[in-house]
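Peer 1: Under this note's numbering, the first residue of the sequence shown carries the number 51, and numbering increases by one thereafter.
Note that CB positions come from ideal geometry on N, CA and C, so glycine has one too.
Quick one: structure below, then a few questions.
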Amino acid sequence: MNALNLAGIVPVLAAPFNDEGNVNYADLERLVDFQIQAGADGIALFGFATEFYKLSEEEKRRMLEVVVRRAQGKIPVVASVTEQSTELAVRKAVEMEESGADALMVLPPFLIPSGKDGFIHHVLTLASAVHIPIMVQYSPVETGIAIEAKVLAEMMKSNENLKYLKVECKPPTPMISALLQVKQSPFEIFVGYAGLQMIDALQRGAVGVMPGSSLTDIYCRIYQQYQKGDLEKAIHFHNQLTSLLNYIFQSIEMIVKWEKIILKRRGVISSEYCRQPEFQPDGAALELFERYYQPLTAEFKL
Numbered sequence: 051m052n053a054l055n056l057a058g059i060v061p062v063l064a065a066p067f068n069d070e071g072n073v074n075y076a077d078l079e080r081l082v083d084f085q086i087q088a089g090a091d092g093i094a095l096f097g098f099a100t101e102f103y104k105l106s107e108e109e110k111r112r113m114l115e116v117v118v119r120r121a122q123g124k125i126p127v128v129a130s131v132t133e134q135s136t137e138l139a140v141r142k143a144v145e146m147e148e149s150g151a152d153a154l155m156v157l158p159p160f161l162i163p164s165g166k167d168g169f170i171h172h173v174l175t176l177a178s179a180v181h182i183p184i185m186v187q188y189s190p191v192e193t194g195i196a197i198e199a200k201v202l203a204e205m206m207k208s209n210e211n212l213k214y215l216k217v218e219c220k221p222p223t224p225m226i227s228a229l230l231q232v233k234q235s236p237f238e239i240f241v242g243y244a245g246l247q248m249i250d251a252l253q254r255g256a257v258g259v260m261p262g263s264s265l266t267d268i269y270c271r272i273y274q275q276y277q278k279g280d281l282e283k284a285i286h287f288h289n290q291l292t293s294l295l296n297y298i299f300q301s302i303e304m305i306v307k308w309e310k311i312i313l314k315r316r317g318v319i320s321s322e323y324c325r326q327p328e329f330q331p332d333g334a335a336l337e338l339f340e341r342y343y344q345p346l347t348a349e350f351k352l
């Protein structure tokens, strides 16, 4: 699978629960189906949007099995390795490869930041343990580790499995430009943060976006217009989307909750339950959400 060519819209799946807080695997299957029908180019699991920090190891194993089976080779599956020690991360990476993941995303240790050298050692050790492409998640705000573009580029050339870099600094686009100026190996760049800077990132050379999983058809429409060369139309649809995103993405827990509210409204999942502690919108928040959300529903394909 080292020949995997990942680009475009690769949503990070939500973790569907029932109203009792148990993982709803039937809803997870529907969520995979929704991404495929919406035109996603890949799907990712166990990012922050998946509430990985609230899932048990057994739940993670079963969720990956369900997603890989449901995807059935129709769409590549990227599984995120979030373990806080290098030893456990290597075990998890090997397990995920054996379970059928097409690629891995690596979030370096963040509970106790390991520093630049620890970050690089963690990534390279993991990359040497598997045989599938790896995406490195560079999230200095979440991990507490900031690294210069030149150092990241040097790391990426150190192992042939390091094929992708997900840039999630604030702002991400100057880093994208800096990386492309100094990169010494053919790695590709994705941007996260709900695609708020999607157009700017693509203009600077990013190949894809990793948003949440509730508005995939909208993201795909923007990306398709951009790929066709219709920048004006891509910006038009992106402006419609960012009005909502700017409101719902004020924190990780906030956007996780709103994503599930949207997915339930769209009939994809049956419950908006998030494991505690969670963000809970009040009446005023729901009223304002409607003002941003309703105009966007006219653009839904599904």
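DSSP three-state label for L174, please.
Peer 2: Counting from 1 along the sequence shown, the entry for residue 174 is found at position 124. Of the three classes helix, strand and coil, the one that applies to L174 here is helix, per DSSP.
Peer 1: Look at V173 and K200 and say whether their C-beta atoms are less than 7 Å apart.
Peer 2: For the purposes of this step, residue 173 is identified with residue 123 of the sequence shown, where counting begins at 1. For the purposes of this step, residue 200 is identified with residue 150 of the sequence shown, where counting begins at 1. For V173 and K200, no; Cβs fall outside 7 Å.
Peer 1: What are the start and end residues of the beta strand (DSSP E) that includes Y214?
Peer 2: Counting from one through the sequence shown, the residue named residue 214 turns up at place 164. Run containing Y214: 212-217, per the beta strand (DSSP E) assignment.
Peer 1: Using a Cβ-Cβ cutoff of less than 7 Å, which residues in the same chain neighbour T175 once the five nearest sequence positions on both sides are dropped?
Peer 2: Position 125 of the sequence shown, counting from 1, holds the residue named residue 175. Contacts found: T136, V140.
Peer 1: Mind checking whether G89 and L56 have CB atoms under 7 Å apart?
Peer 2: Stepping through the sequence shown from its first residue, residue 89 is reached at position 39. Stepping through the sequence shown from its first residue, residue 56 is reached at position 6. Cβ distance not < 7 Å, so G89 and L56 don't count as in contact.
Peer 1: Once you ignore the five residues that flank F299 on each side, which residues in its own chain have a CB closer than 6 Å to its CB?
Peer 2: Counted from its first residue, the sequence shown places residue 299 at position 249. Within the same chain, F299 has close Cβ partners A244, I305.
Peer 1: In terms of residue numbering, what span does the alpha helix (DSSP H) encompassing Q275 cover?
Peer 2: Taking the sequence shown and counting its residues from 1, one reaches residue 275 at position 225. Q275 -> alpha helix (DSSP H) spans 266-277.
Peer 1: Do you know how far the Cα of L295 is from the Cα of K283?
Peer 2: Locating residue 283 in the sequence shown gives position 233, where the first residue counts as 1. Locating residue 295 in the sequence shown gives position 245, where the first residue counts as 1. So the two alpha carbons sit approximately 18 Å from each other.
Peer 1: Look up E108 in the DSSP assignment and say whether it is helix, strand or coil.
Peer 2: Taking the first residue of the sequence shown as 1, we reach residue 108 at position 58. Assigned with DSSP and collapsed to three states, E108 falls in helix.
Peer 1: For I125 versus V259, is the C-beta spacing smaller than 7 Å?
Peer 2: Locating residue 125 in the sequence shown gives position 75, counting from the first residue. Locating residue 259 in the sequence shown gives position 209, counting from the first residue. Not a contact, by the Cβ cut-off of 7 Å.
Peer 1: Using the rule of at least 16 other Cβ atoms within 10 Å of the residue's Cβ for burial, across every protein chain shown, is N289 buried or exposed?
Peer 2: Counted from its first residue, the sequence shown places residue 289 at position 239. So N289 ends up on the exposed side.
Peer 1: List in chain order: all unbroken beta strand (DSSP E) runs of 3+ residues lying wholly within the segment 68-92.
Peer 2: none
Peer 1: For P345, count the other beta carbons within 10 Å of its own beta carbon; 16 or more makes it buried, fewer makes it exposed. Which is it?
Peer 2: Translated into positions along the sequence shown, residue 345 becomes position 295. Exposure of P345 is indicated by the presence of fewer than 16 other C-beta atoms within 10 angstroms of its C-beta.
Peer 1: Out of K310, C324, R325, which one is the CA nearest neighbour of V318?
Peer 2: One-based indexing of the sequence shown puts residue 318 at position 268. Checked all of K310, C324, R325; the closest Cα to V318 is K310.
Peer 1: Check whether the segment 272-282 touches the segment 106-119, taking contact to mean three or more Cβ pairs, one atom from each stretch, closer than 8 Å.
Peer 2: no
Peer 1: What would DSSP say about Y342, mapped onto helix, strand or coil?
Peer 2: Within the sequence shown, the letter at position 292 stands for residue 342. Helix, per DSSP.
Peer 1: When the Cα atoms are used, what is the spatial distance from Y269 to R325?
Peer 2: As a first step, residue 269 is located in the sequence shown; it is residue number 219 there, counting from the start. As a first step, residue 325 is located in the sequence shown; it is residue number 275 there, counting from the start. Answer to the nearest angstrom: the Cα atoms are 27 Å apart.
Peer 1: On the DSSP bridge assignment, give the partners of G258 in chain order.
Peer 2: Your numbering for residue 258 matches position 208 in the sequence shown. In DSSP, G258 forms a bridge with G58, F240.
Peer 1: Could you tell me the distance, in whole angstroms, from the CA atom of M51 to the CA atom of S130?
Peer 2: Within the sequence shown, residue 51 is the residue found at index 1, counting from 1. Within the sequence shown, residue 130 is the residue found at index 80, counting from 1. Residue placement at M51 cannot be trusted, given a pLDDT of 40 that sits under 50; the coordinates are not used to answer.
Peer 1: Around the C-beta of D267, are 16 or more other C-beta atoms found within 10 angstroms, so that it is buried, or is it exposed?
Peer 2: Position 217 of the sequence shown, counted from the first residue, corresponds to residue 267. Answer is buried; the Cβ neighbour count reaches 16.
Peer 1: Quick one: is V191 buried, meaning 16 or more other Cβ sit within 10 Å of its Cβ, or exposed?
Peer 2: The residue labelled residue 191 in the question sits at position 141 within the sequence shown. So V191 counts as exposed.
Peer 1: Report all residues from its chain with a CB closer than 6 Å to the CB of E147; omit the five preceding and five following residues, and keep chain order.
Peer 2: In the sequence shown, counting from the first residue as 1, residue 147 sits at position 97. V180, I182, listed in sequence order.
Peer 1: Using a 10 Å radius around the Cβ and a threshold of 16 neighbouring Cβ atoms, would you call F350 buried or exposed?
Peer 2: Working through the sequence shown from its first residue, we reach residue 350 at position 300. It is exposed - the Cβ of F350 has fewer than 16 other Cβ atoms within 10 Å.
Peer 1: Of all the options L157, V144, M113, V116, which has the alpha carbon lying nearest to the alpha carbon of E133?
Peer 2: One-based indexing of the sequence shown puts residue 133 at position 83. Nearest C-alpha to E133: L157.
Peer 1: Tell me the rounded alpha-carbon separation between A256 and Y214.
Peer 2: By 1-based counting over the sequence shown, the position of residue 256 is 206. By 1-based counting over the sequence shown, the position of residue 214 is 164. Straight-line measurement puts the Cα of Y214 at about 10 Å from the Cα of A256.
Peer 1: Does M225 pass the burial test, meaning 16 or more other C-beta atoms within 10 Å, or should it be called exposed?
Peer 2: Position 175 of the sequence shown, counted from the first residue, corresponds to residue 225. A residue is called buried once 16 or more other Cβ atoms fall within 10 Å of its Cβ, and M225 is buried on that count.
Peer 1: Shortest alpha-carbon distance to G242 belongs to which of G165, R80, F98?
Peer 2: Residue mapping note: residue 242 aligns to position 192 of the sequence shown, counting from 1. Minimum Cα distance to G242 is reached at F98.
Peer 1: Measure the CB-CB distance between E79 and R112 and report whether it falls below 7 Å.
Peer 2: Indexing the sequence shown from 1 puts residue 79 at position 29. Indexing the sequence shown from 1 puts residue 112 at position 62. Their beta carbons are not under 7 Å apart, which means E79 does not touch R112 by this criterion.
Peer 1: Going by the beta-carbon positions, is the gap between M185 and M205 smaller than 7 Å?
Peer 2: Indexing the sequence shown from 1 puts residue 185 at position 135. Indexing the sequence shown from 1 puts residue 205 at position 155. Against a cut-off of 7 Å, the Cβ pair of M205 and M185 comes out as no contact.
Peer 1: Provide the residue(s) that pair with S31 in DSSP beta bridges, ordered along the chain.
Peer 2: This structure cannot speak to residue 31, because the chain is shown only from 51 to 352.
Peer 1: So, using beta-carbon positions, are K216 and Q187 closer together than 7 Å?
Peer 2: Position 166 of the sequence shown, counting from 1, holds the residue named residue 216. Position 137 of the sequence shown, counting from 1, holds the residue named residue 187. Against a cut-off of 7 Å, the Cβ pair of Q187 and K216 comes out as a contact.
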